[in-house]
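S.K.:
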Ligand SMILES: [Zn+2]
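Next comes the structure, spelled out in structure tokens:
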């Protein structure tokens with residue numbers, strides 16, 4: 017009797033239909049991602065059809081509970097979505113496409129946030145693939161003679177799309193807060209001569225952790241900064257922190273906890289199926305020995321300046337740069353920092369982080385720390401390095417009656433802008449007796 021029951025139960029589970037409960041569509045600049053929510057695992061396959069271009073998604077033993085009519089199809093490769101049942105038990109979804117795509121699909125197991133998911137990624141076909149556009153610094157007429165380059169800062173707003181990051185008091189999402197801070201930091205750096213920001217994530221979509229560092233490398237970044245605002249298992253944890261990579265272990269319990277949580281981002285956001293590349297780890301391991309030491313020491317020095325600067329805006333969680341094994345910091349050749357701008361699990365900090373003015377203060381503190389470091393130690397060949405070389409050969413000049421900044425500039429074969437920069441002057445106003453620096457020759 018017991019055996020019969022077991023067999024019955026088994027056949028029930030085989031026959032039971034999976035419910036497709038809903039779907040989300042995320043658009044990234046170079047791809048689109050469809051995520052189907054299922055109440056249980058289901059077999060599936062996808063295949064493309066041409067003239068006209070379509071993608072067919074077959075989900076076995078399943079039915080659709082929701083309509084797919086609410087998807088935003090105004091951008092991206094999908095023109096229209098149709099669906100129907102086959103043999104009364106299989107769900108077929110047909111995507112009518114604007115162009116041929118490269119499609120990949122994989123299932124994702126449940127986690128604390130979602131049940132079973134089926135992910136379908138639509139990427140541009142190889143032949144029509146447009147590489148990520150990195151706008152090279154545009155030189156204006158005056159600068160064409162010079163060969164100096166800008167310092168490129170890759171700003172990575174953590175999480176995005178399927179992965180909201182921490183969800184704080186009042187339902188605020190980490191992915192939103194950190195994108196806002198990242199964009200404000202981008203604005204500040206755009207306005208600073210000698211710097212060029214590169215925003216890794218520009219909207220609400222997920223990027224795999226490895227892809228974030230890859231994008232930074234493609235952009236020739238001098239520095240990679242990942243911005244976060246996490247939650248801790250205690251409401252009391254508060255303050256900002258700056259992290260650099262540690263190969264050997266986390267410097268504190270919180271550091272280890274946060275690193276584990278960040279690294280699991282890929283499971284929530286879904287690079288699933290595409291396993292983290294072991295070869296890359298091995299390569300990274302070898303390269304780490306060679307160049308990690310150098311970039312790590314830069315990361316620590318720079319991180320400390322950023323942390324000190326942030327101390328003017330918020331409480332600091334720790335007064336030293338902490339170290340932990342964050343996957344997103346594993347670029348062997350680019351100094352990399354992960355910045356926790358506060359804890360969304362702390363009601364007070366969540367309230368502040370939600371406001372545009374506090375986000376602005378945070379961005380400005382990070383910006384000042386970055387600037388201070390690179391003014392002191394500009395990479396060779398950069399505009400800041402050229403300024404510094406010039407400032408090495410300076411002499412003092414005492415302003416005499418009748419002097420104007422433009423006359424002094426002419427007399428010393430330099431520009432007014434340069435004099436202002438050398439002396440940190442905001443305006444051209446000078447007074448008699450004031451001592452300023454001018455080029456020595
Ligand atoms: Zn985070």
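In the numbering used here, the protein residues as written are 17 to 457.
Even glycine gets a Cβ: it sits at the ideal position worked out from N, Cα and C.
Since we're looking at a predicted model, the values are computed, not measured.
(1) For the beta strand (DSSP E) containing residue 455, name the first residue and the last one.
(2) Quick check: the Cα distance between residue 367 and residue 332, rounded to an integer number of angstroms?
(3) Going by CA-CA distance only, name the one from 358, 445, 125, 431 that's closest to residue 378.
(4) For ligand 1, I want to know if residue 185 counts as a neighbour, meaning its beta carbon is within less than 6 Å of at least one of the ligand's heavy atoms.
(5) Along the chain, where does the alpha helix (DSSP H) that runs through residue 48 open and close?
(6) Whole angstroms is fine: what's the gap from residue 422's alpha carbon to residue 171's?
(7) Got a sec, what are the start and stop residues for the beta strand (DSSP E) residue 169 sits in?
(8) I need the straight-line Cα distance from residue 409 to residue 340, nearest angstrom please.
(9) Can you list every residue whose CB sits closer than 5 Å to some heavy atom of ligand 1, going in chain order?
(10) Is any beta-carbon of chain C found at less than 7 Å from that of residue 137?
(11) Where does residue 67 land, buried or exposed, given buried means 16+ other C-beta within 10 angstroms?
(12) Reducing DSSP to helix, strand and coil, say where residue 398 ends up.
(13) Using three-state DSSP, classify residue 161 as helix, strand or coil.
(14) From the DSSP output, in three-state form, read off residue 389 for me.
(15) Ends of the beta strand (DSSP E) at residue 111?
(16) Three Cβ pairs or more, each shorter than 8 Å: is that satisfied between the region 46-60 and the region 122-140?
(17) So the candidates are 327, 343, 345, 260; which of them puts its Cα closest to the Cα of residue 317?
(18) Once the 5 residues before and after residue 325 are set aside, which same chain residues still bring their CB inside 6 Å of it?
(19) Grouping DSSP H, G and I as helix and E and B as strand, with all else coil, what is residue 59?
(20) For residue 188, report the span of its beta strand (DSSP E) as first-last.
(21) If I measure Cβ to Cβ from residue 388 and keep anything under 6 Å in the same chain, skipping five residues before and after, which residues do I get?
(22) Around the C-beta of residue 275, are 16 or more other C-beta atoms found within 10 angstroms, so that it is buried, or is it exposed?
(23) Residue 411 bridges to which residues according to DSSP?
(24) Quick one: residues in its chain with C-beta nearer than 8 Å to the C-beta of residue 456, no 5 flanking neighbours on either side, listed in chain order?
(25) Look at the alpha carbon of residue 148 and the alpha carbon of residue 425, and state the distance between them as a whole number of angstroms.
(26) Assuming contact is defined by CB atoms lying nearer than 7 Å, are residue 351 and residue 311 in contact in what I supplied?
(27) Compute the beta-carbon to beta-carbon distance between residue 195 and residue 47, rounded to the nearest angstrom, for a pair I have assumed lies under 8 Å.
(28) Taking the beta strand (DSSP E) that residue 97 falls in, what are its first and last residues?
M.R.: On the basis of the data shown:
(1) 451-455
(2) 17 Å
(3) 358
(4) no
(5) No alpha helix (DSSP H) holds residue 48; the beta strand (DSSP E) holding it covers 47-54.
(6) 38 Å
(7) 167-173
(8) 42 Å
(9) 174, 181, 244, 246
(10) The chain inventory of the structure shown lacks chain C, comprising one protein chain alone.
(11) exposed
(12) strand
(13) With a pLDDT of only 46 at residue 161, under 50, the local geometry of the prediction cannot be trusted, and no value is derived from it.
(14) helix
(15) 106-113
(16) yes
(17) 260
(18) 381, 384, 385
(19) coil
(20) No beta strand (DSSP E) contains residue 188, which DSSP labels as neither H nor E.
(21) 321
(22) buried
(23) 454
(24) 409, 410, 411
(25) Any reading at residue 148 must be qualified, since the residue scores a pLDDT of 43, below 50, and its modelled position is unreliable; the value itself is stated next. Going from the Cα of residue 148 to the Cα of residue 425 covers about 42 Å.
(26) yes
(27) Not really, about 18 Å apart at Cβ, beyond 8 Å.
(28) 94-102
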